[in-house]
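This report concerns only the one structure given below.
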């Protein structure tokens, strides 16, 4: 278990030289610092922050050698960089070190001034190796990229700049790197400037904003320009529990990043590879204890959880509501009839101010009360309508004006909400005028519809459907006593296997570097065989739980066919789909395109009381949504009430109980056959 955290936080918006300026990098590292200060106990956190003109090449190097190098065995050393990335050519004699011919680099504040190079990947590895040599747990978080570099419009900017024009002189490499090359040359009889064969990579974990050929983007999120990777990584950090690993973090981050931008897939690298399965920050960042407590402090009531623990700030009158339970006689999850309720009015990093709802009960100032979340904010999705077709813009604005799910305007609701763009153009690629629903970055979510009144109505239907789908996908309760105590496990099924193996008898599939579980079609003779898996649901909590498994597809369908619902006793597991293997296949239209893929987000919802899983059902986009049923509107539990709010926005009542509830999410990424000429096997 790590003891102290040494953090080097570098955020660069403003650059010297001919470099495009950025907007969100400083806020990214400030928000990450806030997270660390809320989670690392006093006296154990040592931060060096370098922003804008402070973040020179030499200052960043010194940050490693004089700050992170202080981390010893059992400590954690964290390097967080938000800014431009780039490439630089390498000399031909170094081809064996970089077969691509390019170094990947981080661009410091002064890197593009004459005589001052970027910080190359090999230099970073040398700096990391010196820190890791002490036995410290080393984590690097890089919100930058090495491709692209153009501003993409509508406030979307890529965090990279064009490559350097020429290889850097040998003497401009880090002295420690030159020294290691010189030592190798002496040992092998070469010249001093002959680079060594790369040494074994240092022990470390690196989380990057995207794959090497993708772009890391920044855009408006919650009124601030932020790196999409940074803001979603920090959201995931606040919501994951004590047992989370780097693979869990990547999976949660990737699922949220895709909601905002397309073709940006966060990835992780670890040496050794199994380090991705280690606890976050080597265990140095204090995990939140299960449950949220209410206490009186300085003439006000507070709960002991804040933004760094996933508590959402109020959204107008919509806020987090907690039921207050009797203080238990012995440690453990609380039980009993709620005494009353409190509402969150102000959220700080580590705690939140609340008001007591009017009732016959009043809390006593000397008592610490356990609480259960019974309601969370469900903010409207923000919709920005833009384009040169003013008549079509007016039609769309009129259509969405009365929607309870949508709010027209460019203001972003933040990581707890969604922002969509409707493009109303006079001509789309030479075609007739049309309307397109898109993500925040402008990438389409659906095919165009005509720029007519009927088309505007179709846009309204699509936007409301998308808002509901995303609310369901994002629904969670990080402060629950049973957080991290339910899980979804995916196990590969053998060809022709019809009976599930006993739980634990076969290793589960492990998420890839992007945090998703990868499945592939396999060649079987002349045909391609779709993948089959067993899906296990585990209840590791001390209580019996009612569970359902939702499949949220990338065609924006949500269904519970895999496990509609049932009681899962404490300490047991069950197999979804009535104990049958599940085939994970591509839709026919995608199979026709070699190399296609599909995403399925499997969301397990668990509660101490039975709830109606069909309340969350949604068809594929553009199909008619089911009408709310009596079971939805009865609102017997917090989950029933939340499901009803997703569909109708009707607040309703809270009911008499306060059952614990939680969620877990696993994402499957299924790759189709590279060649579909020979058909598909079932």
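Residue numbers (UniProt numbering): 1 to 682.
All residues carry an ideal CB built from backbone N, CA and C; glycine is no exception.
What does DSSP give as the partner residue(s) for residue 558 in the beta ladder? For the purposes of this step, residue 558 is identified with residue 558 of the chain shown, where counting begins at 1. For residue 558, which the question treats as bridged, DSSP gives the partners 552 and 618.
Buried or exposed by the 16-neighbour rule on C-beta atoms within 10 Å, applied to residue 660: Numbered from its first residue, the chain shown carries residue 660 at position 660. It counts as buried.
C-beta atoms of residue 76 and residue 5 nearer than 7 Å: In the chain shown, counting from the first residue as 1, residue 76 sits at position 76. In the chain shown, counting from the first residue as 1, residue 5 sits at position 5. Yes. Within cutoff.
Among residues of its own chain, excluding the 5 on either side of residue 41, which ones have a beta-carbon nearer than 7 Å to its beta-carbon? Numbered from its first residue, the chain shown carries residue 41 at position 41. Here the set comprises 286.
Let me check understanding here. Comparing Cα to Cα, which of 20, 583 and 559 lies closest to residue 83? Here residue 83 is taken as the residue at index 83 of the chain shown, counted from 1. It is 20.
8 Å Cβ shell around residue 409 - same chain, five flanking residues per side excluded: Walking along the chain shown from the start, residue 409 turns up at place 409. 382, 383 and 384, listed in sequence order.
Are the Cβ atoms of residue 110 and residue 56 separated by less than 7 Å? Within the chain shown, numbered from 1, the residue matching residue 110 stands at position 110. Within the chain shown, numbered from 1, the residue matching residue 56 stands at position 56. Cβ distance < 7 Å, so residue 110 and residue 56 count as in contact.
Please tell me whether residue 108 and residue 60 are closer than 7 Å, where the distance is taken between their beta carbons. Residue numbering aside, residue 108 sits at position 108 when the chain shown is read from its first letter. Residue numbering aside, residue 60 sits at position 60 when the chain shown is read from its first letter. Contact check for residue 108 against residue 60 passes: the beta carbons are separated by less than 7 Å.
Would you mind giving the Cβ-Cβ distance between residue 559 and residue 473, rounded to the nearest angstrom? I have them listed as a contact below 8 Å. Looking up residue 559 in the chain shown gives position 559. Looking up residue 473 in the chain shown gives position 473. Actually they are not in contact, since the Cβ atoms of residue 559 and residue 473 sit about 13 Å apart, beyond 8 Å.
Starting from the Cα of residue 530, find the closest Cα among 399, 412, 538 and 518 and give me that residue. By 1-based counting over the chain shown, the position of residue 530 is 530. Comparing Cα-Cα distances from residue 530 to each of 399, 412, 538 and 518, the minimum goes to 518.
Tell me whether the beta-carbon of residue 22 lies closer than 7 Å to the beta-carbon of residue 36. Stepping through the chain shown from its first residue, residue 22 is reached at position 22. Stepping through the chain shown from its first residue, residue 36 is reached at position 36. No, the Cβ-Cβ distance between residue 22 and residue 36 is not below 7 Å.
Backbone CA spacing between residue 255 and residue 599 [nearest angstrom]: Position 255 of the chain shown, counted from the first residue, corresponds to residue 255. Position 599 of the chain shown, counted from the first residue, corresponds to residue 599. Note on geometry: alpha-carbon atoms of residue 255 and residue 599 lie some 10 Å from one another.
Work out the CA separation of residue 442 and residue 153 for me, nearest whole Å. Here residue 153 refers to the residue found at position 153 when the chain shown is read from its first residue. Here residue 442 refers to the residue found at position 442 when the chain shown is read from its first residue. The pLDDT assigned to residue 153 is 40, lower than 50, so where the model puts this residue is not dependable, and the model offers no usable value.
Are there 16 or more other CB atoms within 10 angstroms of the CB of residue 629, so buried, or fewer, so exposed? Counting from 1 along the chain shown, the entry for residue 629 is found at position 629. For residue 629, the predicted model reports a pLDDT of 47, less than 50, meaning its position is unreliable and no value from the coordinates is stated.
7 Å Cβ cutoff met for residue 583 and residue 532: As a first step, residue 583 is located in the chain shown; it is residue number 583 there, counting from the start. As a first step, residue 532 is located in the chain shown; it is residue number 532 there, counting from the start. Closer than 7 Å, so yes.
Determine the closest residue to residue 597 out of 572, 239 and 553, with distance taken between C-alpha atoms. Residue numbering aside, residue 597 sits at position 597 when the chain shown is read from its first letter. Among 572, 239 and 553, the Cα nearest to that of residue 597 is on 553.
For residue 209 versus residue 266, is the C-beta spacing smaller than 7 Å? For the purposes of this step, residue 209 is identified with residue 209 of the chain shown, where counting begins at 1. For the purposes of this step, residue 266 is identified with residue 266 of the chain shown, where counting begins at 1. It is a contact, given that the beta carbons lie within the stated cut-off.
DSSP beta-bridge partners of residue 384: For the purposes of this step, residue 384 is taken as residue 384 along the chain shown, with counting starting at 1. 421, per the DSSP bridge assignment.
Pull up the CB-CB distance for residue 435 and residue 424, whole angstroms please, since I reckon it's below 8 Å. Here residue 435 refers to the residue found at position 435 of the chain shown. Here residue 424 refers to the residue found at position 424 of the chain shown. Going by Cβ atoms, the distance from residue 435 to residue 424 rounds to 6 Å, so yes, they are a contact pair.
Nearest residue (CA-CA) to residue 231, options 499, 416 and 607: Within the chain shown, numbered from 1, the residue matching residue 231 stands at position 231. Nearest option by C-alpha distance: 416.
One question on the structure: do residue 354 and residue 303 come within less than 7 Å of each other, judged by their Cβ atoms? Reading the chain shown from its first residue, position 354 is the one you call residue 354. Reading the chain shown from its first residue, position 303 is the one you call residue 303. For residue 354 and residue 303, yes; Cβs fall inside 7 Å.
Would you mind sorting residue 290 into buried or exposed? The rule is 16 or more other CB atoms within 10 Å of its CB. As a first step, residue 290 must be located in the chain shown, where it is residue number 290. Residue 290 should be labelled buried.
Could you give the residue range of the alpha helix (DSSP H) that holds residue 33? On the chain shown, position 33 is the one that residue 33 refers to. In the DSSP annotation of this structure, the continuous segment of the alpha helix (DSSP H) that includes residue 33 starts and ends at 25-39.
Is the CB of residue 338 under 7 Å away from at least one CB in chain B? In the structure shown, chain B does not exist; there is a single protein chain.
Spatial neighbours of residue 539 within its chain, please: CB distance less than 8 Å, with the 5 preceding and 5 following residues excluded, ordered by chain position. On the chain shown, residue 539 is found 539 positions in, with the first residue counted as 1. Closer than 8 Å at Cβ, skipping near neighbours: 485, 486, 545, 547, 568, 569, 570, 571, 572, 573 and 606.
Measure the alpha-carbon distance for residue 664 versus residue 620 and round it to whole angstroms. On the chain shown, residue 664 is found 664 positions in, with the first residue counted as 1. On the chain shown, residue 620 is found 620 positions in, with the first residue counted as 1. Cα to Cα, residue 664 sits roughly 22 Å from residue 620.
Per DSSP, cross-strand counterpart(s) of residue 489: To locate residue 489, count along the chain shown from 1; it is residue 489. According to DSSP, residue 489 bridges with 536.
Taking C-alpha atoms, which residue in 399, 114, 129 and 499 lies nearest to residue 176? One-based indexing of the chain shown puts residue 176 at position 176. Minimum Cα distance to residue 176 is reached at 129.
Which residues bound the alpha helix (DSSP H) around residue 18? Here residue 18 is taken as the residue at index 18 of the chain shown, counted from 1. Element bounds for residue 18: n/a, residue is neither H nor E.
Assuming contact is defined by CB atoms lying nearer than 7 Å, are residue 202 and residue 284 in contact in what I supplied? Indexing the chain shown from 1 puts residue 202 at position 202. Indexing the chain shown from 1 puts residue 284 at position 284. Contact flag unset, no.
Cα-Cα separation, residue 452 to residue 590: In the chain shown, residue 452 corresponds to position 452, counting from 1. In the chain shown, residue 590 corresponds to position 590, counting from 1. Going by the C-alpha atoms only, they are around 29 Å apart.
Starting from residue 455, trace the alpha helix (DSSP H) both ways and give me its first and last residue. Position 455 of the chain shown, counted from the first residue, corresponds to residue 455. Element bounds for residue 455: 453-474.
Three-state secondary structure (DSSP) at residue 315? As a working note, residue 315 is residue 315 in the chain shown. If DSSP states are grouped into helix, strand and coil, residue 315 belongs with the strands.
Candidates 457, 418 and 420, of which the one nearest residue 394 by Cα: Stepping through the chain shown from its first residue, residue 394 is reached at position 394. Nearest option by C-alpha distance: 457.
Where does residue 11 sit, in a helix, a strand or coil, going by DSSP? Locating residue 11 in the chain shown gives position 11, counting from the first residue. In this structure, residue 11 counts as strand in the three-state DSSP scheme.
What distance in whole Å lies between the Cβ atoms of residue 497 and residue 370, which are believed to be in contact at a cut-off of 8 Å? Taking the first residue of the chain shown as 1, we reach residue 370 at position 370. Taking the first residue of the chain shown as 1, we reach residue 497 at position 497. Not a contact, Cβ separation roughly 45 Å.
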